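Undergrad: Please see the structure below; I have some questions.
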Amino acid sequence: MEARALSRQISLDNLTRTGTRTPNDDILSNFPSSIFVKRSRSRGGIMDTPILQRLKEGIAQQRQDLMDWLSRTPSTVRQLRAGPAGERGVEDHLRALDTAFQKAEEQTLGICDVCHDYVDTSRLEMDYTACVCIEHLSGEERTQLENELELSQKVQQALLPHSTPQIRGLSVAAFSQPAHIVGGDYFDFLRFRDGSHVLVIADVMGKGMPASMLMASLQASLRIIAPESAGPAEVVARLNHIFCHNIRLTKFVTLFLARYEETTRTLTYCNAGHNPPLVYRPSGKIEELLPTGAAIGLVEHGVFEESHTTLSPDDVVLFYTDGVVESRDPKDELFGQERLEEFLRRSSALDPLHIISSLREDLRQFSKAGGPIDDTTVIAVRATR
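In my numbering, the protein residues as written are 158 to 542.
Shown next as structure tokens:
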């Protein structure tokens with residue numbers, strides 16, 4: 158049955174298991190079934206083209222990731238990491254993805270076997286095999302599915318910080334909202350062994366339950382590694398080693414990790430494939446924190462470099478995940494980095510909490526209240542005197 162099928166997919170995507178709440182929290186906390194409410198997304202019985210294209214791209218990406226893992230990983234290593242059952246599971250999952258892609262090509266993906274309307278898009282993106290609307294599941298199946306989702310949501314909320322740190326010379330605010338009940342965005346505030354503050358933002362490939370579980374693994378690894386490390390590049394290199402050798406199936410993480418030294422007002426950072434944060438200077442200039450290296454989990458012997466910048470009073474730094482710049486309007490146009498930079502200039506005089514609330518409102522107006530199609534996370538930092 159479908160609830161069990163979803164459970165199997167969740168298990169497959171996480172063969173290894175090694176938003177934050179703010180005063181303006183929007184992270185959903187209602188009963189999970191309220192998320193899966195059928196909405197009209199079709200015209201003339203056909204799913205909207207942007208939605209269908211997004212689903213096809215997601216299916217194709219998952220398939221390519223699995224094929225890459227199978228082709229580049231020796232059989233002995235695959236069996237060591239996944240075991241015989243795990244390898245068979247990968248093959249089964251590939252067949253399921255092929256079937257889903259064919260249905261997408263035929264425009265039959267997500268059609269409910271009972272009512273012949275479309276299964277809710279947010280659920281379909283989490284489980285491409287979904288073929289029955291939530292309201293048509295049996296009471297037992299619905300309860301099982303709802304319990305799994307509710308538990309996952311609570312676990313993820315507990316993993317993210319519930320408050321921002323007090324850092325001399327900085328004012329900090331943060332916001333995170335998953336596109337679904339749970340997501341793969343992550344941010345945190347940690348300490349290095351010398352006591353300096355760490356700010357980190359990351360984006361796990363994918364969405365929904367599989368991404369959220371990998372996010373939990375990332376968080377656990379970071380909280381062990383950072384306190385015993387000397388700097389950002391060391392942390393990123395060790396994370397990359399863990400993901401290349403211990404995370405089964407091909408998944409990668411983009412991550413930006415920075416250390417702030419209060420005495421020198423220096424931000425030392427390492428970027429592993431993440432969107433470069435933007436720095437607004439009082440002169441009106443906006444800088445990207447470059448360079449950007451390979452994402453974590455892509456290159457086994459990747460070289461990760463550190464760079465640094467100095468933050469003067471009234472400088473503003475905006476860390477963000479790609480859900481911000483990839484927000485879409487009804488015409489399928491991206492919000493994009495140019496709009497984000499324009500927003501930062503307009504909002505540079507605000508405190509971090511109001512910068513975030515203003516950005517959320519801009520995104521809401523841009524998407525016409527259509528809701529995020531990707532996880533969205535932002536950290537806003539203002540340098541103080």
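Idealized CB from N, CA, C, for every residue including glycine.
In this text the structure is predicted, and so the values were computed from the model without any measurement.
#1: For Q259, which residues of its own chain have a beta-carbon under 7 Å away from its beta-carbon, when the five flanking residues on both sides are left out?
#2: Can the beta-carbon of V474 be found closer than 7 Å to that of F332?
#3: Can you list, in chain order, the residues of its chain with a C-beta nearer than 7 Å to that of E385? Leave out the 5 residues immediately preceding and following it.
#4: With DSSP as the reference, label Q264 as helix, strand or coil.
#5: Can you tell me which of A383, V482, S504 and S464 puts its alpha carbon nearest to the alpha carbon of D531?
#6: Shortest alpha-carbon distance to R496 belongs to which of D519, I513 and L227?
#7: Exposed or buried, what is Q522 when buried is set at 16 or more other beta-carbons lying within 10 Å of its beta-carbon?
#8: How would you label Q219, buried or exposed, when you count the other beta carbons within 10 angstroms and need 16 or more for buried?
#9: Measuring CB atoms only, is the stretch 460 to 473 touching the stretch 415 to 427, in the sense that at least three cross pairs come out at less than 8 Å?
#10: Short of 8 Å in beta carbon distance, which residues of its chain neighbour A387, apart from the five on each side in sequence? Order them along the chain.
#11: Assign L455 to one of three DSSP states: helix, strand, or coil.
#12: Would you call P335 buried or exposed, if buried means 16 or more other Cβ atoms sit within 10 Å of its Cβ?
#13: Could you give the first and the last residue of the continuous alpha helix (DSSP H) run that contains S515?
#14: Is Y343 near L375, with beta carbons less than 7 Å apart?
#15: Ordered along the chain, which non-local residues of its own chain (more than five positions away) have a Cβ less than 7 Å from that of A451?
#16: Do A394 and F461 have their beta-carbon atoms positioned less than 7 Å apart in this structure?
#17: I need the straight-line Cα distance from I381 to D508, nearest angstrom please.
#18: From what residue to what residue does the beta strand (DSSP E) around L501 run?
#19: DSSP three-state call for G450: helix, strand or coil?
#20: From the DSSP output, in three-state form, read off D249 for me.
#21: Using CA coordinates, which residue listed in L371, T533 and R503 is at the minimum distance from R517?
TA: According to the structure shown:
#1: In the sequence shown, the residue the question calls residue 259 occupies position 102. Excluding the 5 residues flanking it on each side, Q259 has no same chain C-beta neighbour closer than 7 Å.
#2: Walking along the sequence shown from the start, residue 474 turns up at place 317. Walking along the sequence shown from the start, residue 332 turns up at place 175. In this structure, F332 does not lie closer than 7 Å to V474 by Cβ.
#3: Taking the sequence shown and counting its residues from 1, the one referred to as residue 385 is at position 228. Residues of the same chain with a CB within less than 7 Å of the CB of E385, apart from the 5 flanking positions on each side, are R350 in chain order.
#4: Position 107 of the sequence shown, counting from 1, holds the residue named residue 264. In the structure shown, Q264 sits in coil (DSSP, three-state: anything other than H, G, I, E or B).
#5: For the purposes of this step, residue 531 is taken as residue 374 along the sequence shown, with counting starting at 1. For D531, the closest alpha carbon among the candidates A383, V482, S504 and S464 is that of V482.
#6: Residue 496 sits at position 339 when you count from the first residue of the sequence shown. Per the Cα distances, D519.
#7: What you label residue 522 is simply residue 365 of the sequence shown in a count that begins at 1. Exposed, because fewer than 16 other Cβ atoms sit within 10 Å of the Cβ of Q522.
#8: Here residue 219 refers to the residue found at position 62 when the sequence shown is read from its first residue. By the neighbour-count definition (other C-beta atoms within 10 Å, threshold 16), Q219 is a buried residue.
#9: Inter-segment contact for the stretch 460 to 473 and the stretch 415 to 427 is present: three or more beta-carbon pairs are separated by less than 8 Å.
#10: Residue 387 sits at position 230 when you count from the first residue of the sequence shown. The beta carbon of A387 lies closer than 8 Å to those of F349, R350 and D351 in the same chain, with the five residues before and after it left out.
#11: In the sequence shown, counting from the first residue as 1, residue 455 sits at position 298. Secondary structure at L455: coil, using DSSP grouped into helix, strand and coil.
#12: For this step, residue 335 is matched to residue 178 along the sequence shown. When all chains shown are included, P335 counts as buried.
#13: What you label residue 515 is simply residue 358 of the sequence shown in a count that begins at 1. Boundaries of the alpha helix (DSSP H) harbouring S515: P509 to S524, taken from the DSSP string.
#14: For this step, residue 343 is matched to residue 186 along the sequence shown. For this step, residue 375 is matched to residue 218 along the sequence shown. Yes, the Cβ-Cβ distance between Y343 and L375 is below 7 Å.
#15: Translated into the one-based positions of the sequence shown, residue 451 becomes position 294. For A451, where only same-chain residues beyond five positions count, the Cβ hits under 7 Å are A429, G430 and G459.
#16: Here residue 461 refers to the residue found at position 304 when the sequence shown is read from its first residue. Here residue 394 refers to the residue found at position 237 when the sequence shown is read from its first residue. Yes.
#17: Residue mapping note: residue 381 aligns to position 224 of the sequence shown, counting from 1. Residue mapping note: residue 508 aligns to position 351 of the sequence shown, counting from 1. Approximately 32 Å, taken between the alpha carbons.
#18: Here residue 501 corresponds to residue number 344 of the sequence shown, with the count starting at 1. Run containing L501: none in the beta strand (DSSP E); it sits in the alpha helix (DSSP H), G493 to S504.
#19: Walking along the sequence shown from the start, residue 450 turns up at place 293. Looking at G450 - three-state DSSP - the assignment turns out to be strand.
#20: On the sequence shown, position 92 is the one that residue 249 refers to. Three-state DSSP puts D249 in a helix.
#21: The residue labelled residue 517 in the question sits at position 360 within the sequence shown. Minimum Cα distance to R517 is reached at T533.
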